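This report concerns only the one structure given below.
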Amino acid sequence: MDGRPMKISLIVLAQHFRLTVQCIDRIKMHTSGSYELILVNDACTDEQSGYLERLYGVRVLSNGGRGVAAGYNLGASAASGERIVFLRDQMMVTDGWLEQLSACLDQCPDAGMAGPRMNDVSGPQRVPILYKSYDQLDQIKHVLTMNKQFQWNPVPRLVGLLFMVTRQCLERVGGFDERFEVESYEDDDWCYRAVTQRYGLYMAEGCFVIRVEPPSLFPEEPDWYATRLTLNRAKAIMKWGFDPQDALHRLTRQVTVSLCMIVKNEELTLGRCLSSVRGLVDEIIIVDTGSEDRTKEIAAAYTDRVYDFKWVNDFSQARNYAFGLATQEFVLWLDADDRLEPEDAERFRKLKASLPWDTDAVSMHYNLSRDGQGRVTASLRRNRLVKRSNGFRWFGAVHEYLDVAGKVIYSDIGVTHDRKHQQSDRNLLIYEERLSRSEQFTARDHMYYANELYDHGLWQRAAEQYDRFLSLPDGWVEDRILACGRASDALHRLGQAQEARMKALQSFTYGMPRAEICCRLGDYELNANRPEEAEFWYKLAAEVRRPADPNARLDLASWTWVPHLQLCVCYDRMGLYEQAYRHNELAAGYVPEHPSVLANRNYLEQQLSLISQEA
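Going by UniProt numbering, the sequence shown opens with residue 1, and the numbers climb by one from there.
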């Protein structure tokens, strides 16, 4: 930039006289600095066109009712600005709109086009609001753009009602295709051409513009717009061989990522975590909640963005504070005892380089344990990567959750958890303090309080809390199934064998039998030396269909090799050595080097050899 003011041309497509007057009045009211204003008369009468020219002292060009594409091209041919704003007369600008759009093009090197947020449109620009007056919308505008001034995000497409383009981009991409008569698809076609020329399309978060529903251009044809949309879509498909609007949403792009973490006394694990993601993320934000060891010193070796947060017995507050410090397009969260294995780091690198445009969040596996060969034995899912502009928030003082909506990508990336069975005194203390204040617990609170009691070996209290959770109407089905299994285990540890069986069976009322529960029931029978009864449960575990829900909690061992290994034991006790051998080999197909598999094979081969000799 050479310091001189950027010359901007505003091209207003005039199709409704009353709206055109309102549109220009608001431009003059809410636009600071100098600009060139050009009116393209597409549907107003000559008398109205002359009136507008005299009233505002602007240049008026006649488009003869040829529609949006031709009108925008006509205006662009007469514009002298280095940046050009195309807008329809139904768009009512608000304070600061032009500065926000122009700043977006200033700050985003690849940007060729910038658009506002607005009501009553499709796609990511849409703000779903109802209003009764402009004054009401002007007030809403301040709420919608609060803390979003001079922020922008890439989007897959921009609607053609109002947008700013650079002169360079317009000349390189070319004008609007006038085969798309009247309106519709001229903007999708142009956006697709811009994207394939490697120009970025951006939405200015701090710019909100009001769209007013215009009167119909063809009142005698009530379905004219739907008809035109269908015809122009067909023209687009004939031109490209596909629908460019759909193609824009299918396109992927490189995204930037902020890693946000909250930590306390994590010197044993933090370096390993950060080393596993260094080079994958664009910034690292560490929020320390009161460390007394070398945690902050280790963090400082990876980032200069280390912050202190006064601990208030609320994990969500700390995480939301960390999220609020992020500046990149997406936010990744990890705990200090999490890490990415090399193969998962490579998967993350590929995902980051080609994420679908309309992604709101990415769900990743959370690998809680591995066997001696490094195979995952227990896993669930977490929404780990989220779009920052969506403002997703954390809820819950402890065992907090991130409330996510929109399009979620279920990736094959796994986050590995290193800390095994570590009891969290801090978590339990938070629950106890909340109870001492007679705080009302949600169903989720009861579930996770029961988990803390279970992890601390407080079996009776854990069983009681799981029952309390199960008595409530609004618990998540996966939590209900897990609660039955853990309560069953707690009761069994207390010597209440029959109660343990009944609690495990209760899980079947919430869905199809789960392999984890079936294996638990088989264990109870095998421990009671009832191999025939145990056989039934292990066979069911081996045959039951996995749940379709990607968020289902699965102990992978129970769904693969454990039932077969336990069936081997059952058949051995029943003297059925050939069947025992077959199931041991089925288990070996999953865990070929497992010590029990190897020992069983040696033992059973000896037994079968003796039987063969006796025969």
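Idealized CB from N, CA, C, for every residue including glycine. Please read all numbers here as calculations on a predicted model, not as lab measurements.
Discussion item. Within 8 Å, do at least three Cβ pairs link the region 310-324 to the region 384-398?
Written reply: yes
Worksheet item: Is the Cβ-Cβ distance between V544 and A515 less than 8 Å?
Response: yes
Fill in: Check whether L39 and L87 have beta carbons under 8 Å apart
no
Worksheet item: Roughly how many angstroms lie between the CA atoms of A236 and C169, to the nearest whole one?
Response: 21 Å
Practice prompt. From the DSSP output, read off the bridge partner residues of W476.
Written response: For W476, which the question treats as bridged, DSSP gives no partner whatsoever.
Worksheet item: Which term fits Q245, buried or exposed, when burial requires 16 or more other beta carbons within 10 angstroms of its beta carbon?
Response: Burial is judged here by how many other beta carbons sit within 10 angstroms of a residue's own beta carbon; Q245 has at least 16 and is buried.
Discussion item. Taking the beta strand (DSSP E) that V569 belongs to, which residues open and close that run?
Written reply: Premise fails: V569 lies in the alpha helix (DSSP H), V562 to R573, not in any beta strand (DSSP E).
Worksheet item: Buried or exposed: which applies to W190, given that a residue is buried once 16 or more other Cβ atoms fall within 10 Å of its Cβ?
Response: buried
Discussion item. Quick check: what's the CA-CA separation for A111 versus Q197?
Written reply: 11 Å
Worksheet item: Quick one: Cα of Q566 to Cα of F309, how far?
Response: 50 Å
Item to complete: Report the rounded CA-to-CA distance for L482 versus L505, giving the unit in angstroms.
Response: 12 Å
Discussion item. If we require 4 or more residues per run, which alpha helix (DSSP H) segments fall completely within the region 121-199?
Written reply: 134-144, 167-173 and 186-196
Worksheet item: To the nearest angstrom, how far is it from the Cα of R434 to the Cα of D445?
Response: 10 Å
Practice prompt. Report yes if the CB atom of L472 is closer than 8 Å to the CB atom of A490, and no otherwise.
Written response: no
Worksheet item: Name the DSSP bridge partner or partners of V255?
Response: Its beta-bridge partners do not exist; DSSP assigns none.
Discussion item. In whole angstroms, give me the CA-to-CA distance for W311 and I298.
Written reply: 20 Å
Fill in: As assigned by DSSP and simplified to three states, the class of M502
helix
Discussion item. Once the 5 residues before and after P109 are set aside, which same chain residues still bring their CB inside 7 Å of it?
Written reply: Same-chain partners within the cutoff: there are none.
Discussion item. Taking 8 Å as the cut-off, does the region 247-260 touch the region 332-348 (at least 3 CB pairs, one atom from each stretch)?
Written reply: yes
Item to complete: Verify whether the separation of the beta carbon atoms of T416 and E341 is less than 8 Å.
Response: yes
Worksheet item: Counting only runs that start and end within the region 243-290, where is the alpha helix (DSSP H) found for 4 or more residues in a row?
Response: 244-250 and 270-277
Worksheet item: Looking only at its own chain, which residues have a Cβ that is under 6 Å from the Cβ of Q422, when we skip the five neighbours before and after it?
Response: Caution applies to Q422, whose pLDDT of 44 falls short of 50 and renders its modelled position unreliable; the value that the coordinates give is listed next. So no residue of the chain qualifies.
Worksheet item: Can you name the start and end residues of the beta strand (DSSP E) that A114 belongs to?
Response: A111 to M118
Worksheet item: Is M91 helix, strand or coil when you go by DSSP?
Response: When secondary structure is reduced to three states using DSSP, M91 falls in the strand class.
Item to complete: Whole angstroms is fine: what's the gap from M29's alpha carbon to K407's?
Response: 39 Å
Worksheet item: Going by the beta-carbon positions, is the gap between G115 and V159 smaller than 8 Å?
Response: yes
Discussion item. Counting beta carbon pairs with one atom in the region 71-82 and one in the region 8-15, are three or more of them shorter than 8 Å?
Written reply: They touch, by the three-pair rule.
Item to complete: Take the Cβ of T252 as the centre, count every other Cβ of all protein chains shown within 10 Å, and call the residue buried at 16 or more, exposed below.
Response: Counting other Cβ atoms within 10 Å of its Cβ, T252 stays below 16 and is therefore classed as exposed.
Worksheet item: So what's E205 in DSSP terms, helix, strand or just coil?
Response: strand
Worksheet item: Between the Cα of R319 and the Cα atoms of I285, R339 and T303, which residue gives the shortest distance?
Response: I285
Item to complete: Measure from the alpha carbon of R278 to the alpha carbon of each residue in E213, C104 and Y302, then state which is nearest.
Response: Y302
Worksheet item: Residues in its own chain within less than 6 Å of H399 by CB, not counting five upstream and five downstream?
Response: Excluding the 5 residues flanking it on each side, H399 has same chain C-beta neighbours closer than 6 Å at Y448, in chain order.
Worksheet item: Taking the C-alpha atoms as reference points, what is the distance between R520 and A599?
Response: C-alpha separation (whole angstroms): 23 Å.
Worksheet item: Whose C-alpha, out of S354, T166, M512 and A204, is nearest the C-alpha of G96?
Response: A204
Practice prompt. Find out if the Cβ-Cβ distance for the pair D418, R339 is shorter than 8 Å.
Written response: yes
Discussion item. Counting C-beta neighbours from all protein chains within 10 Å, is the total for G414 16 or more, i.e. buried, or is it exposed?
Written reply: Burial call: buried.
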